[in-house]
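Under my numbering, the letters of the sequence shown match residues 357 to 648, in that order.
From the three backbone atoms N, C-alpha and C, an ideal C-beta is built for every residue, glycine too.
Just so you know, these numbers come straight off a predicted model, no measurement behind them.
What follows is a single structure, written as structure tokens, with notes after it.
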Amino acid sequence: MRIGALEAGGTKMVCAIGNEKGEIFEKISIPTKTPETTMPEMIQWFQSKKIETLGIGCFGPIDPDKDSPTYGYITSTPKLAWKDYNIVGAFEEQLCCPVGFDTDVNGSALGEVTFGQAKGKKNIVYLTVGTGVGAGVYAEGKLLHGMLHPEAGHILMRKHPEDHYEGKCPYHKTCLEGLAAGPAIEARWGKKGIELADKKEVWELEAYYIGQALVDLILVLSPEKIILGGGVMHQEHMMPLVREEVRKQMAGYIKTKQMDDLDNYIVLPSLNDNQGIMGALKLAVDELELEK
Ligand code: ADP
Ligand code: ZN
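The following block contains the structure:
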């Protein structure tokens with residue numbers, strides 16, 4: 357089967373063709389400009405590939421509720437050209453095939469449970485720390501949506517007593533994204549994360565916030581594995597610092613074999629940065645099954 361997959365991001369649209377085994381045959385990247393310019397490029401590419409079904413993991417917030425009149429829309433995004441844009445409708449109309457749709461991070465979570473290191477697990481969290489912070493949640497064998505979809509990048513944080521940065525989120529200032537996403541690091545320290553690699557205090561503070569967020573997510577969702585992706589996690593020293601903060605801030609309250617083995621519990625993505633695209637392939641297959 358030829359399947360289309362789209363990882364729709366704020367800076368680039370990664371389009372791919374693959375199959376139900378998660379194999380990827382070809383992949384292109386198109387800069388995210390406006391729907392008027394970017395959509396026709398993607399549609400043309402997918403049309404030329406003769407796909408049977410398409411899956412989209414999309415930046416958000418989005419409306420994933422099939423019973424809602426705005427199902428398939430990108431909703432209140434700060435990327436104004438895409439605000440209230442019916443991305444699923446546009447693809448359905450032009451490609452005439454089923455279109456599966458979810459958040460980018462739910463897509464990545466699905467990629468990891470279907471094809472990656474979380475295969476077979478029923479409860480996982482995928483957290484990305486990049487330009488923004490987002491969490492995908494797979495709970496009891498299904499992607500979690502609820503009222504909307506998880507927005508765990510915006511959970512409110514207890515500030516570190518020595519952190520005097522005001523926070524960058526326009527809604528909450530000092531939520532996780534406002535304190536710990538790439539742009540917050542840059543605003544607090546005056547340089548991009550990548551240029552701060554040798555500054556220990558930067559990464560200790562960063563781990564303090566990510567660790568705190570993970571403790572909350574562990575307590576609420578009881579995941580069996582936590583996968584941390586995104587540009588900021590490319591800092592090699594982050595992972596050990598984050599695990600140490602989780603251990604410290606959990607303070608021994610939860611005693612499980614996973615908590616005793618944080619090296620295998622809190623991990624980096626396993627699919628060579630294809631977890632989002634592979635998840636989109638699975639979204640496409642699932643949608644095709646549903647519409648049969
Ligand atoms: P996006 O979130 O836009 O999809 P990324 O996940 O690559 O993309 O995140 C980009 C953010 O991560 C930027 O704020 C950038 O400064 C930061 N970043 C990227 N690489 C690194 C790195 N090696 N170390 C620290 N920060 C990084
Ligand atoms: Zn926020």
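For a test of your reading of the model: does the CB of Ile550 fall under 7 Å from any non-hydrogen atom of the ligand ADP? Yes or no. At least one heavy atom of the ligand ADP falls within 7 Å of the beta-carbon of Ile550.
Please say whether Arg514 and Gln591 have beta carbons closer to each other than 8 Å? no
Among residues of its own chain, excluding the 5 on either side of Asn442, which ones have a beta-carbon nearer than 6 Å to its beta-carbon? Gly428, Tyr429
Chain B within 8 Å of Gln450, Cβ atoms only: The structure shown contains no chain B; it is built from a single protein chain.
Could you give the residue range of the alpha helix (DSSP H) that holds Met634? 631-647
Which residue or residues does DSSP assign as beta-bridge partners of Pro387? Lys368.
If I follow the unbroken beta strand (DSSP E) through Gly411, where does it start and stop? Here the beta strand (DSSP E) through Gly411 covers 409-414.
Gln631 CB to nearest heavy atom of the ligand ADP below 7 Å: no
Beta-carbon proximity of Gly726 to Ala540, cut-off 8 Å: Residue 726 is absent from the model: the chain starts at 357 and stops at 648.
Exposed or buried, Asp423, counting other C-beta atoms within 10 Å across all chains shown (16 or more means buried)? It is exposed - the Cβ of Asp423 has fewer than 16 other Cβ atoms within 10 Å.
Confirm the yes/no value for this check: CB of Val588, any heavy atom of the ligand ADP, distance under 7 Å. yes
Measuring from each Cβ to the nearest heavy atom of the ligand ZN, keep the ones under 6 Å and list them in chain order. His510, Cys525, Tyr527, His528, Cys531, Glu533, Gly534
Taking Thr433 as the reference, which of Thr470, Glu600, Pro417, Thr426 has the closest Cα? Pro417
Cβ distance (whole Å) where Val598 is taken to contact Ile622 below 8 Å: 6 Å
Considering only the alpha carbon of each residue, which of Thr487, Glu580, Gly488 lies closest to Glu468? Checked all of Thr487, Glu580, Gly488; the closest Cα to Glu468 is Glu580.
Considering only C-alpha positions, which residue in the set Thr390, Ala364, Ala543, Thr393 is nearest to Cys525? Ala543
Met369 to Tyr521 span [Cα, whole Å]: Note on geometry: alpha-carbon atoms of Met369 and Tyr521 lie some 32 Å from one another.
Of the residues Lys556, Val602, Trp438, Leu577, the one placed nearest Val571, counting alpha carbons only: Checking every option, the nearest Cα to that of Val571 belongs to Val602.
Report yes if the C-beta of Asp539 is less than 7 Å from at least one heavy atom of the ligand ADP; otherwise report no. The residue asked about is misnamed: residue 539 is Pro in this sequence, not Asp. Because some heavy atom of the ligand ADP lies under 7 Å away, the Cβ of Pro539 counts as near it: yes.
Leaving out the 5 sequence neighbours to the left and right, which residues in its chain are closer than 7 Å to Trp401 when beta-carbon positions are compared? Cys371, Ile384
Where does Leu532 fall in DSSP's three states? helix
Put Thr612 into one of helix, strand or coil per three-state DSSP. coil
Can you determine whether any heavy atom of the ligand ADP sits closer than 7 Å to the C-beta of Thr487, and answer yes or no? yes
Just checking my contact of Phe415 with Gly365 at CB under 8 Å: how many whole Å lie between their CB atoms? Contact holds; Cβ gap of about 6 Å.
Taking the alpha-carbon positions, what's the Met595 to Lys648 distance? 43 Å
Which residue comes first and which comes last in the beta strand (DSSP E) that contains Asp458? Taken as a continuous stretch (DSSP letters only), the beta strand (DSSP E) holding Asp458 covers 455-459.
Could you tell me the alpha carbon to alpha carbon distance between Thr393 and Gly632, rounded to whole angstroms? 23 Å
Can you find the residues in the same chain that come closer than 6 Å, C-beta to C-beta, to Leu552, ignoring five residues on each side of it along the sequence? Counting only Cβ-Cβ distances below 6 Å, and skipping sequence neighbours, we find Trp545, Val558.
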